[in-house]
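Trainee: Just dropping this structure here.
Numbering (our numbering), first residue to last: 309 to 499.
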């Protein structure tokens with residue numbers, strides 16, 4: 309019989325249910341339950357970290373997220389969805405990592421605007437330009453942008469994760485978009 313306190317989310321890989329029993333077994337330090345929870349959630353956390361801290365550091369930060377999750381799982385009180393709590397942990401770890409100054413390193417790219425006539429522009433694809441532009445956005449704004457545009461969370465869900473008012477989500481998201489457009493323009497990208 310399924311538990312009444314079941315949490316489902318489109319954000320967990322394969323839309324698998326994370327029920328109260330699994331969380332309780334994780335609280336009891338059952339390795340098999342921890343492994344199960346990790347397998348259910350690690351892909352989504354990793355994707356979030358790729359966009360938050362960059363591909364090079366995403367694996368390490370994802371590992372830190374799960375270490376924190378298993379240390380702090382007793383603090384989850386089921387007042388919000390488990391996924392919201394997990395995203396909050398992940399965002400906090402990502403922001404902490406960025407604040408320590410271990411941001412993406414794109415030393416090979418010039419900080420001067422590039423034009424399409426510049427031969428170096430031809431070697432840099434649009435994806436790399438986007439990654440460089442994203443790496444230059446303020447970390448808190450980047451987190452909101454990633455949660456909305458990459459993870460597909462609603463404004464309400466982002467407000468829960470970031471612990472800010474819903475209206476603030478909208479204004480910060482707009483600011484992140486403007487900063488991204490400006491960074492892309494500074495890098496010489498033309499739509």
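A virtual CB, placed ideally from N, CA and C, is assigned to each residue, including glycine. No experiment lies behind these values; they were computed from the predicted model shown.
Rounded to the nearest angstrom, how far is the Cβ of residue 381 from that of residue 331, given a contact under 8 Å?
Mentor: 7 Å between Cβ atoms; contact.
Trainee: Which of the three DSSP states, helix, strand or coil, is assigned to residue 326?
Mentor: Note: residue 326 maps to strand in three-state DSSP.
Trainee: Would residue 401 be called buried (16 or more neighbouring beta carbons within 10 Å of its own) or exposed?
Mentor: Residue 401 should be labelled buried.
Trainee: Check each candidate in 357, 474, 494 and name the one with the smallest Cα separation from residue 371.
Mentor: Comparing Cα positions, the closest option is 357.
Trainee: Let me confirm a value: residue 406 is counted as buried when at least 16 other C-beta atoms fall within 10 Å, else exposed. Which label applies?
Mentor: When all chains shown are included, residue 406 counts as buried.
Trainee: Once DSSP output is grouped into helix, strand and coil, what is the label at residue 422?
Mentor: With a pLDDT of 47 at residue 422, under the threshold of 50, the modelled position of that residue is not reliable, and the figure given next carries that caveat. Here residue 422 sits in coil by DSSP.
Trainee: Report the option in 338, 368, 470, 487 whose CA atom is closest to the CA atom of residue 444.
Mentor: Selected option, being the one with the closest Cα: 487.
Trainee: Just the Cα atoms here: how many angstroms apart are residue 263 and residue 385?
Mentor: Since the first and last residues shown for the chain are 309 and 499, residue 263 lies out of range.
Trainee: Mind checking whether residue 362 and residue 354 have CB atoms under 9 Å apart?
Mentor: Going by C-beta atoms, residue 362 is not nearer than 9 Å to residue 354.
Trainee: For residue 481, I'd like the list of residues in its chain whose CB is within less than 6 Å of its CB, leaving aside the five on either flank, ordered along the chain.
Mentor: 452, 456.
Trainee: What residues in its chain sit with their C-beta under 8 Å from that of residue 393, if we drop five residues either side in the sequence?
Mentor: Same-chain partners within the cutoff: 384.
Trainee: Near residue 469, which residues of its chain fall below 8 Å by C-beta distance, leaving aside the five closest residues on each side in sequence?
Mentor: Taken in chain order, the residues that qualify are 392, 395, 396, 399, 455, 461.
Trainee: Compute the Euclidean distance between the alpha carbons of residue 437 and residue 349, then round it to the nearest angstrom.
Mentor: Those two C-alpha atoms are separated by around 29 Å.
Trainee: Find out if the Cβ-Cβ distance for the pair residue 442, residue 387 is shorter than 9 Å.
Mentor: For residue 442 and residue 387, no; Cβs fall outside 9 Å.
Trainee: Would you check whether the ligand FMN has a heavy atom nearer than 8 Å to the C-beta of residue 388?
Mentor: As presented, the structure is devoid of all ligands, the ligand FMN included, so that no description of it is given.
Trainee: Please classify residue 497 as buried or exposed, where buried requires at least 16 other C-beta atoms within 10 Å of its C-beta.
Mentor: Answer is buried; the Cβ neighbour count reaches 16.
Trainee: Hey, which unbroken runs of the alpha helix (DSSP H) at 4 residues or more fall wholly within the stretch 386-411?
Mentor: If we require 4 residues or more, the alpha helix (DSSP H) runs fully inside the stretch 386-411 come out as 390-407.
Trainee: By how many angstroms is the C-alpha of residue 474 removed from the C-alpha of residue 464?
Mentor: About 6 Å.
Trainee: Could you give the distance in angstroms between the alpha-carbon of residue 440 and the alpha-carbon of residue 403?
Mentor: Roughly 17 Å separates the two Cα atoms.
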